Amino acid sequence: MSTIAVTDAGFKADVLESDKPVLVDFWAEWCGPCKMIAPALEELSDEMADSVTIAKMDIMGNPGVPGEMGVQSIPYLVVFKGGEAVAEMRGAAPKGQLKQWLESVL
Numbered sequence: 001m002s003t004i005a006v007t008d009a010g011f012k013a014d015v016l017e018s019d020k021p022v023l024v025d026f027w028a029e030w031c032g033p034c035k036m037i038a039p040a041l042e043e044l045s046d047e048m049a050d051s052v053t054i055a056k057m058d059i060m061g062n063p064g065v066p067g068e069m070g071v072q073s074i075p076y077l078v079v080f081k082g083g084e085a086v087a088e089m090r091g092a093a094p095k096g097q098l099k100q101w102l103e104s105v106l
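According to the UniProt record's numbering, the residues represented by the sequence shown are 1 to 106, in order.
Pasting the structure below:
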């Protein structure tokens, strides 16, 4: 399963009301580090599809949720479980480090 795109309008249904944990990647097209981690997130989305949904939110096209959450730098990764943010990571990291972090919070 590939990453899914999530919008301000769909955030509640796609993330907060999801039956399984959701990792949201807050990103923007102009962000170099965001582009660097994108392939790793796609791979992790396939590898970990049974345990987590990986979603991407473009902060330029969807300013509502990032504004409410106080997103000030990207990439900004947040894991949601049961409608609550339970873990966050700022900045880019290698795939192995991303996977280890994600597994530790699931």
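Positions of the beta carbon are idealized from the N, C-alpha and C atoms, including for glycine. Just so you know, these numbers come straight off a predicted model, no measurement behind them.
Query: Measure from the alpha carbon of residue 34 to the alpha carbon of each residue in 95, 101 and 104, then state which is nearest.; Result: 95
Query: Where residue 74 and residue 91 are concerned, what is the direct C-alpha to C-alpha distance, given to the nearest angstrom?; Result: 6 Å
Query: Just reading off the beta strand (DSSP E) that residue 27 is part of, what are its end residues?; Result: 22 to 27
Query: Can you tell me the Cα-Cα spacing of residue 83 and residue 25, whole angstroms?; Result: 16 Å
Query: Name, in chain order, the residues that DSSP records as bridge partners for residue 79.; Result: 23 and 87
Query: According to DSSP, is residue 57 part of a helix, a strand, or is it coil?; Result: strand
Query: Do residue 21 and residue 71 have their beta-carbon atoms positioned less than 8 Å apart in this structure?; Result: no
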